Structure formats: structure tokens, C-alpha cells
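Visitor: Submitted below is the structure of interest, expressed as C-alpha cells.
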Ligand code: PMP
């Protein structure tokens, strides 16, 4: 019999798949690291387990403790899954703009979700940042992972994602391309790979308008990447290059990945692939460009994979139809 002891043993060791159709005409090899195959469905399972392990080891999180984090996304899912297995209570604080589906995913794992109004200033006591700070003070045994500044976030990628890519490519990787949210993925993985070989280039993919590519934080629609501030976990000096990608380019590529590669992924994956192909086009034929796909596309069915939504935001023109649903024969 071949099995693992717990769902947590399924975190990491995700496969690489070659991109064929979208990379047509490119001589370099373009490989995608498929992070949606983690058990919680995203790259964030890695940091969730690493941050909790470290907090247990340091005593910051004790048996019966409560994890409090302002997140509604993939990090929340990872934390909720690990907390369920380890017997911790989880309280997530999220703004009311977060969809019911996303809140329900967290609740399904047994987490409690506190919803705060979006339309208040960050210093308003009802804002989700301040509510989470207050909960940490009020709940006994509460611990806040804080993925933006927790060093175990990049450290988990230094210890897992980086070595996996080096091994999987037999040390032939020449370029690593990833989006930047907290900066944990690119900083930890990039540092490991650069220590292995000076030849490895690290390329950040960034939504147009985000600070990492020189913007002011102007809103963009791709989720999970780009910021309007500089997180501690982003090592500014590490990337060799930042490639700016528009929402339109990111969403078009996200749809193409499903249609042409059979990879149903989120918008930040589409964005990273646009940047990877830009880099791969000017790379040498024996170069190996690896791009990380952070999560799957199921969470974006009513957005990127909805013709109506794409039309509302101007990414498709009215009357244009790309997806056929409910045809009656
Ligand atoms: N894509 C998605 C969908 C994410 O949730 C995140 C995490 N915010 C990222 C990309 C970026 O990863 P990191 O925080 O490690 O920079």
C-alpha cells in the first residue's frame, strides 16, 4: 500500500509541466510548476505549514491556541487546513467585498470568519486590519502569522520550492519567473537558486500599477499579486528584472492556459506566464525558464472565466462570446 499519514504530507513536491502551445515559436524550454496540486489548492500551503511549525517550535503557538490572520485567500485555506489537522482554532478577518464562496471555503475547514466593512478608513476601528489586531489582544493564546513580515514565509520557499526546482531540472534552470504578493515565493526560491548558480536569473511578474514595477498601487483586477506598499518579506535587491503585465494580457493568457494547455489556473498564473514568455523569447535555445503557477482557476469562474464579467470590465467587447454554456440541442 502506498499512502501518506496525513494530508499535510501532500504539501510540496509539485510537478513541472512543459508549456507547448502558448510557447510556440520559442526555442528555450518553458516549464510550469503546478502549485494548485498542493492539497489546499495553492502555493500557500507551503508557508502555512512552515509558519505554524516555527510558531510551535518557538512557543508562540501553544496547544489549543488560536490562529488569527486578516486573509480571505489562499493563505487562509492553507492555515485552516493545517490548523484543522493540528487542533488549533482559526479566526480569519476579511473585508465584506470578499465573495461568499471564498468565506465558505474557510468555514468548510472549520475556521471562523469575521467580516468587516470595506468602506471605512484603515485607521477606523472597524477596519479589518484593526479588528484582527484587537482579536489577537482579546483572544487568549492567539497568534498572528503575518505572512507579510514572517521570515518563515520566504524560508519555506528557500527550503522547499527552491531545492525542488533545482532537482527537477537537474540544475539546468536558467530563469525563475514568479508573481509578487508578499514577496515570499520570489525571495525565498530566488535566493536558493542564486546560491546554487550565478547563472540563474530571477524575474518578477507584476501587475501594471503595483509598486514593484514602479507604480503607485493604482487598482488592477488580478488577485494575489502586486501591492501598494513594500512588505518586509520582499527582497528588493534579488530580482534581476521586473516585467509589468496588464490585466488584459494576464486574463487572456489565463484563458489560453485552460484552452491550449489544459491548465485551469488563476489570474496571477496567467500574469506570470506572460512574463515568462517575454523572457523566454529572448533567451538562448538551451535555456530553461521555469514559471510558478500559484493556484487553480476554480476560484475565478465568475470572473476571468465569465464572458459577462470580462465584458463588464472591458476585456471583451459586448456580443463577443468565448465560452459556450447551456446550449440546448
Ligand atoms: N498568486 C496568488 C493567487 C496568491 O494568492 C499569492 C499570494 N498572495 C501570490 C500569487 C504571490 O505569492 P507571494 O505572496 O509568495 O509573493
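Residue numbers (the numbering used here): 1 to 329.
Where is the CB? At the ideal position from N, CA and C, for every residue including glycine.
Bear in mind that the values here come from a model prediction, so they are computed numbers and not experimental data.
(1) Since residue 203 is in the beta strand (DSSP E), which residue starts that stretch and which ends it?
(2) Please go through the same chain and pick out, in chain order, the residues whose beta-carbon is closer than 7 angstroms to the beta-carbon of residue 50, but skip the five residues on each side of it.
(3) Do you know how far the Cα of residue 138 is from the Cα of residue 323?
(4) Alpha helix (DSSP H) containing residue 251: first to last residue?
(5) Is the beta carbon of residue 198 closer than 8 angstroms to that of residue 244?
(6) Starting from the C-beta of residue 36, find all residues in its chain whose C-beta is less than 6 angstroms away, skip the five residues before and the five after it, and write them out in chain order.
(7) Tell me which same chain residues have a C-beta within less than 6 angstroms of the C-beta of residue 18, skipping the five on either side of it?
(8) If we ignore side chains and look at the alpha-carbon of each, how far apart do residue 147 and residue 182 end up?
(9) Taking residue 187 and residue 225 to be in contact with their CB atoms under 8 angstroms, please state how far apart those CB atoms are, rounded to whole angstroms.
(10) Return yes when the C-beta of residue 223 is under 7 angstroms from any heavy atom of the ligand PMP, and no when it is not.
(11) What is the rounded straight-line gap between the Cα of residue 143 and the Cα of residue 65?
(12) Do residue 33 and residue 292 have their C-beta atoms closer together than 8 angstroms?
(13) Do residue 117 and residue 103 have their CB atoms nearer than 8 angstroms?
(14) Once DSSP output is grouped into helix, strand and coil, what is the label at residue 329?
(15) Using a Cβ distance threshold of 8 angstroms, determine whether the segment 85-102 contacts the segment 55-69, with at least three qualifying pairs required.
(16) Please find out if some non-hydrogen atom of the ligand SAH comes closer than 7 angstroms to the beta-carbon of residue 13.
(17) Roughly how many angstroms separate the alpha carbons of residue 21 and residue 168, rounded to a whole number?
(18) Whole beta strand (DSSP E) runs in the segment 141-183 with 3 or more residues, listed along the chain?
(19) With distances taken between CB atoms, is the gap from residue 242 to residue 204 smaller than 8 angstroms?
(20) Quick one, which of 317, 303 and 123 has its alpha-carbon nearest residue 101's?
(21) Beta-carbon within less than 8 angstroms of residue 109's beta-carbon, same chain only, minus the 5 sequence neighbours each way: which residues are those?
(22) Within 10 angstroms of its Cβ, does residue 210 collect 16 or more other Cβ (buried), or is it exposed?
(23) If we ignore side chains and look at the alpha-carbon of each, how far apart do residue 264 and residue 1 end up?
(24) Any heavy atom of the ligand PMP within a distance shorter than 7 angstroms of the CB on residue 132?
(25) Beta-carbon within less than 8 angstroms of residue 194's beta-carbon, same chain only, minus the 5 sequence neighbours each way: which residues are those?
(26) DSSP three-state label for residue 26, please.
(27) When you compare each of 112, 228, 222 and 223 to residue 216 by their alpha carbons, which one comes out closest?
(28) Taking the alpha-carbon positions, what's the residue 131 to residue 93 distance?
(29) When you compare the CB positions of residue 4 and residue 176, do they come within less than 8 angstroms of one another, or not?
(30) For residue 283, which three-state DSSP category applies?
(31) Rounded to whole angstroms, what's the CA-CA distance from residue 414 to residue 282? Just pull it up for me.
(32) Our contact map puts residue 398 next to residue 189 with C-beta atoms below 8 angstroms; I'd like the distance itself, whole angstroms only.
(33) Tell me the rounded alpha-carbon separation between residue 262 and residue 115.
(34) Name the two residues that bound the continuous beta strand (DSSP E) containing residue 69.
Guide: Let me lay it out:
(1) Here residue 203 is taken as the residue at index 203 of the chain shown, counted from 1. Its beta strand (DSSP E) spans residues 201-207.
(2) Here residue 50 refers to the residue found at position 50 of the chain shown. Within the same chain, residue 50 has close Cβ partners 152, 155 and 156.
(3) Along the chain shown, one-based indexing puts residue 323 at 323. Along the chain shown, one-based indexing puts residue 138 at 138. One C-alpha to the other measures close to 49 angstroms.
(4) Indexing the chain shown from 1 puts residue 251 at position 251. Start and end: 247-261.
(5) Looking up residue 244 in the chain shown gives position 244. Looking up residue 198 in the chain shown gives position 198. No, these two residues do not count as a Cβ contact at 8 angstroms.
(6) Your numbering for residue 36 matches position 36 in the chain shown. So the list reads 295 and 296, once near-sequence residues are dropped.
(7) As a first step, residue 18 is located in the chain shown; it is residue number 18 there, counting from the start. 31.
(8) For this step, residue 147 is matched to residue 147 along the chain shown. For this step, residue 182 is matched to residue 182 along the chain shown. Distance between the alpha carbons of residue 147 and residue 182 is about 7 angstroms.
(9) Here residue 187 refers to the residue found at position 187 when the chain shown is read from its first residue. Here residue 225 refers to the residue found at position 225 when the chain shown is read from its first residue. Not a contact, Cβ separation roughly 14 angstroms.
(10) The residue labelled residue 223 in the question sits at position 223 within the chain shown. Yes, the Cβ of residue 223 comes within 7 angstroms of a heavy atom of the ligand PMP.
(11) For the purposes of this step, residue 143 is identified with residue 143 of the chain shown, where counting begins at 1. For the purposes of this step, residue 65 is identified with residue 65 of the chain shown, where counting begins at 1. Computed Cα separation, rounded: 7 angstroms.
(12) Position 33 of the chain shown, counting from 1, holds the residue named residue 33. Position 292 of the chain shown, counting from 1, holds the residue named residue 292. Yes, Cβ-Cβ distance for residue 33 and residue 292 is below 8 angstroms.
(13) For the purposes of this step, residue 117 is identified with residue 117 of the chain shown, where counting begins at 1. For the purposes of this step, residue 103 is identified with residue 103 of the chain shown, where counting begins at 1. For residue 117 and residue 103, no; Cβs fall outside 8 angstroms.
(14) Residue numbering aside, residue 329 sits at position 329 when the chain shown is read from its first letter. Reduced to three states, the DSSP call for residue 329 is coil.
(15) yes
(16) Inclusion of the ligand SAH in the displayed structure is not the case, the ligand content consisting of the ligand PMP alone.
(17) The count along the chain shown starts at 1 and reaches residue 21 at position 21. The count along the chain shown starts at 1 and reaches residue 168 at position 168. Each residue's Cα considered, the two are about 22 angstroms apart.
(18) 175-179
(19) Sequence index remark: in the chain shown, residue 242 carries index 242 (1-based). Sequence index remark: in the chain shown, residue 204 carries index 204 (1-based). Against a cut-off of 8 angstroms, the Cβ pair of residue 204 and residue 242 comes out as a contact.
(20) As a first step, residue 101 is located in the chain shown; it is residue number 101 there, counting from the start. For the residues 317, 303 and 123, the minimum Cα distance to residue 101 belongs to 303.
(21) The residue labelled residue 109 in the question sits at position 109 within the chain shown. Within the same chain, residue 109 has close Cβ partners 77, 80, 81, 83, 84 and 90.
(22) Taking the first residue of the chain shown as 1, we reach residue 210 at position 210. By the neighbour-count rule (16 or more Cβ atoms within 10 Å), residue 210 is buried.
(23) Walking along the chain shown from the start, residue 264 turns up at place 264. Walking along the chain shown from the start, residue 1 turns up at place 1. Those two C-alpha atoms are separated by around 31 angstroms.
(24) Position 132 of the chain shown, counted from the start, is the residue given in the question as residue 132. Checking every heavy atom of the ligand PMP against the Cβ of residue 132, none is found closer than 7 angstroms.
(25) For the purposes of this step, residue 194 is identified with residue 194 of the chain shown, where counting begins at 1. So the list reads 200, 202 and 238, once near-sequence residues are dropped.
(26) Within the chain shown, residue 26 is the residue found at index 26, counting from 1. Coil, per DSSP.
(27) What you label residue 216 is simply residue 216 of the chain shown in a count that begins at 1. The residue with the shortest Cα to Cα distance from residue 216 is 228.
(28) The residue labelled residue 131 in the question sits at position 131 within the chain shown. The residue labelled residue 93 in the question sits at position 93 within the chain shown. Their Cα atoms are separated by approximately 7 angstroms.
(29) Here residue 4 is taken as the residue at index 4 of the chain shown, counted from 1. Here residue 176 is taken as the residue at index 176 of the chain shown, counted from 1. For residue 4 and residue 176, no; Cβs fall outside 8 angstroms.
(30) To locate residue 283, count along the chain shown from 1; it is residue 283. Three-state result, residue 283: coil.
(31) As shown, the chain starts at 1 and ends at 329. That puts residue 414 outside it, with no answer to give.
(32) Missing from the structure shown is residue 398; the chain here goes from 1 to 329 and no further.
(33) In the chain shown, residue 262 corresponds to position 262, counting from 1. In the chain shown, residue 115 corresponds to position 115, counting from 1. Distance between the alpha carbons of residue 262 and residue 115: 35 angstroms.
(34) Looking up residue 69 in the chain shown gives position 69. Unbroken beta strand (DSSP E) run through residue 69: 66-69.
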